[in-house]
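Numbering (the UniProt record's numbering), first residue to last: 1 to 117. Here a beta-carbon is modelled for each residue, glycine too, at the ideal position from N, C-alpha and C.
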């Protein structure tokens with residue numbers, strides 16, 4: 001058994017580091033990081049715009065529902081008044097045949113009276 005203080009020998013040989021390849025990798029990593037940061041910022045801006053648009057749409061919907069409710073209430077009130085007016089008109093029109101008969105009777109009596117005069 002090896003003691004924990006003793007250094008262990010690497011099992012694989014270490015390759016020499018290619019400095020130019022390391023610089024290219026670092027440059028590509030920086031470019032990738034820059035692209036990710038740019039996309040993240042654009043995404044953040046889009047999300048802020050979407051939140052604002054959603055809030056505005058919610059307000060428009062709320063106002064539209066309020067206006068629709070008020071319009072429906074007004075239409076319902078006018079419909080009730082129209083029905084009441086139609087009922088009154090119906091009651092008035094029920095008396096028309098009786099009034100017409102009375103007028104005919106009065107006209108006949110007037111004719112008879114004129115003939116006697």
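*Distance, Cα to Cα, residue 48 vs residue 54?*
The C-alpha of residue 48 lies about 10 Å from the C-alpha of residue 54.
_Opening and closing residue of the alpha helix (DSSP H) in which residue 77 lies_ = Start and end: 19-94.
_DSSP three-state assignment for residue 14, whether helix, strand or coil_ = Coil, per DSSP.
_What would DSSP say about residue 117, mapped onto helix, strand or coil?_
It is coil, neither helix nor strand.
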